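First up is the structure itself, then whatever we jot down about it.
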Amino acid sequence: WVGRRNMLLQQWQLGVLTSCLASLVGTLGGQLRVLSHDSEGKDLLRRARGLLLLGWSLWLIGQAFGQVAMVLAPATIVACVIFSSSLLSNAMLAPLVLQEQFTHRHALGLLLLSAGGCAVTETSAHTDQKYTLDELVAFGTRTPFLAIAGCCLCLASALAIRAVHQARLNVWSFAFMFSICGAVDMLVTKWTLLLVRLRVVAQREEAPADGLLVASAVIMMLLHLMVLIFQMISTRYGEVLMNTPLFLGSGAMMQVALCGTFFNEFDEFSTSRSVFFVAGCALMLVGLGVTSRASAPETPVLPLKEPLLAADPALVPTPTRAVAHSTGGSKLSSGRSCKDDGQARTGAVVPCHLPSKHLFQLPGPAQMC
Numbered sequence: 016w017v018g019r020r021n022m023l024l025q026q027w028q029l030g031v032l033t034s035c036l037a038s039l040v041g042t043l044g045g046q047l048r049v050l051s052h053d054s055e056g057k058d059l060l061r062r063a064r065g066l067l068l069l070g071w072s073l074w075l076i077g078q079a080f081g082q083v084a085m086v087l088a089p090a091t092i093v094a095c096v097i098f099s100s101s102l103l104s105n106a107m108l109a110p111l112v113l114q115e116q117f118t119h120r121h122a123l124g125l126l127l128l129s130a131g132g133c134a135v136t137e138t139s140a141h142t143d144q145k146y147t148l149d150e151l152v153a154f155g156t157r158t159p160f161l162a163i164a165g166c167c168l169c170l171a172s173a174l175a176i177r178a179v180h181q182a183r184l185n186v187w188s189f190a191f192m193f194s195i196c197g198a199v200d201m202l203v204t205k206w207t208l209l210l211v212r213l214r215v216v217a218q219r220e221e222a223p224a225d226g227l228l229v230a231s232a233v234i235m236m237l238l239h240l241m242v243l244i245f246q247m248i249s250t251r252y253g254e255v256l257m258n259t260p261l262f263l264g265s266g267a268m269m270q271v272a273l274c275g276t277f278f279n280e281f282d283e284f285s286t287s288r289s290v291f292f293v294a295g296c297a298l299m300l301v302g303l304g305v306t307s308r309a310s311a312p313e314t315p316v317l318p319l320k321e322p323l324l325a326a327d328p329a330l331v332p333t334p335t336r337a338v339a340h341s342t343g344g345s346k347l348s349s350g351r352s353c354k355d356d357g358q359a360r361t362g363a364v365v366p367c368h369l370p371s372k373h374l375f376q377l378p379g380p381a382q383m384c
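Heads up, the numbering used here is the position in the sequence shown plus 15, with the first residue counted as 1.
Below is the structure:
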């Protein structure tokens, strides 16, 4: 105990610093991936590939730092610190990397996020993360966790069914699905890393079985793959300064609710501590709203009420009707209309890529103009 008191930093404080480093590196990697999507043309192909490779490398390094932070600090602290520091890094790096405009509202949002993040970090549970195997198993049978997990599963299933039925997924539904996937990934990852720790330091009779450890590791890798897929899709949704706060905020709140309840990190909260914790979360949510509304999107959000059309020549409209059918005679993101020079020469109909980045169409037949 005396040795721990004499340490320069406590274990949870090391987790906070590691979380901040993970946020900075991961956010930079994500913005480089966004920048690679804007590099079009043969002359910029090599540059785009380099940015994409560097972006994914930095993002994976950030994920590795985040997993180290999960072992050092409670789940609520890691979730809130990564959320607030990621938004701070995103707002500071976006004007430099992506040349997006930083406004006074962004500054106000960051101030609210910083204040809320500090309040949540200070009032969260600072317990040691040395759990026994019996405690880890008992966490999953608690009624509050089962209730929250059941509600999340029902909502996710409803959104998935609606997305398949409509063949598209709007940004809010995507954010919710992304947050659930990220929260479950964080829970299983922390569970697996704690099992590995028990396997290394615990006595033989207290160590987890090999089958449990292998099964947890396999599930963790599958969830990592799902998060990777969500990350690949997330860069297609609008401006970074607008949608990244939404994705990070919803993910952090879901991680706090799911992981904090699973690991029973709210059990020792007093009334005053609960008030400060809730107030900090409220400040973070207000900061999320201010930051996400601080700038307007580059392109308007289209309603996309028409279903996806099959590429049947008998059903394909003429170029003139196609342009008239589109919303307000909209043009492609490159500034050219659907009737370009090549189409006029060959008579072919080119698939129309809608300018809105706030809607993601599920895989299916190409939508025609």
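The beta-carbon is built from N, C-alpha and C at its ideal position, and this holds for glycine as well.
No experiment lies behind these values; they were computed from the predicted model shown.
Nonlocal neighbours in the same chain, by C-beta distance under 6 Å from residue i, ignoring five residues either side
i, result
"His-239", "none"
"Gln-26", "Leu-87"
"Cys-274", "Ala-90, Met-201 and Leu-202"
"Phe-98", "Leu-263 and Ala-267"
"Gly-81", "Ala-37"
Boundaries of the alpha helix (DSSP H) in which residue i is found, first to last residue
i, result
"Asn-105", "90–112"
"Gln-82", "60–87"
"Gln-26", "26–52"
"Arg-120", "119–138"
"Glu-150", "148–154"
Limits of the beta strand (DSSP E) - the one that residue i falls within
i, result
"Arg-183", "183–185"
Where residue i falls, given that 16 or more other Cβ within 10 Å makes a residue buried
i, result
"Lys-205", "buried"
"Ile-248", "exposed"
"His-121", "buried"
"Cys-35", "buried"
"Ser-289", "exposed"
"Ala-175", "exposed"
"Cys-169", "exposed"
"Cys-296", "buried"
"Thr-138", "buried"
"Arg-48", "buried"
"Glu-221", "exposed"
"Ile-244", "exposed"
"Gln-246", "buried"
"Met-236", "exposed"
"Thr-207", "buried"
"Leu-24", "exposed"
Same chain, Cβ closer than 7 Å to residue i, five either side skipped, listed in chain order
i, result
"Thr-136", "Val-31, Ile-92, Cys-95 and Val-96"
Cut-off 8 Å between Cβ atoms - residues of its own chain near residue i, not counting five sequence neighbours on either side
i, result
"Val-215", "none"
"Arg-177", "Ser-188"
Residue i at chain B interface by Cβ criterion, 8 Å
i, result
"Ala-224", "Judged by its chain identifiers, the structure shown contains no chain B, having just a single protein chain."
Practice task
Kindly provide the ranges of any alpha helix (DSSP H) runs that are 4 or more residues long and lie completely inside the stretch 214–296, ordered along the chain.
Solution key: 225–249 and 255–277
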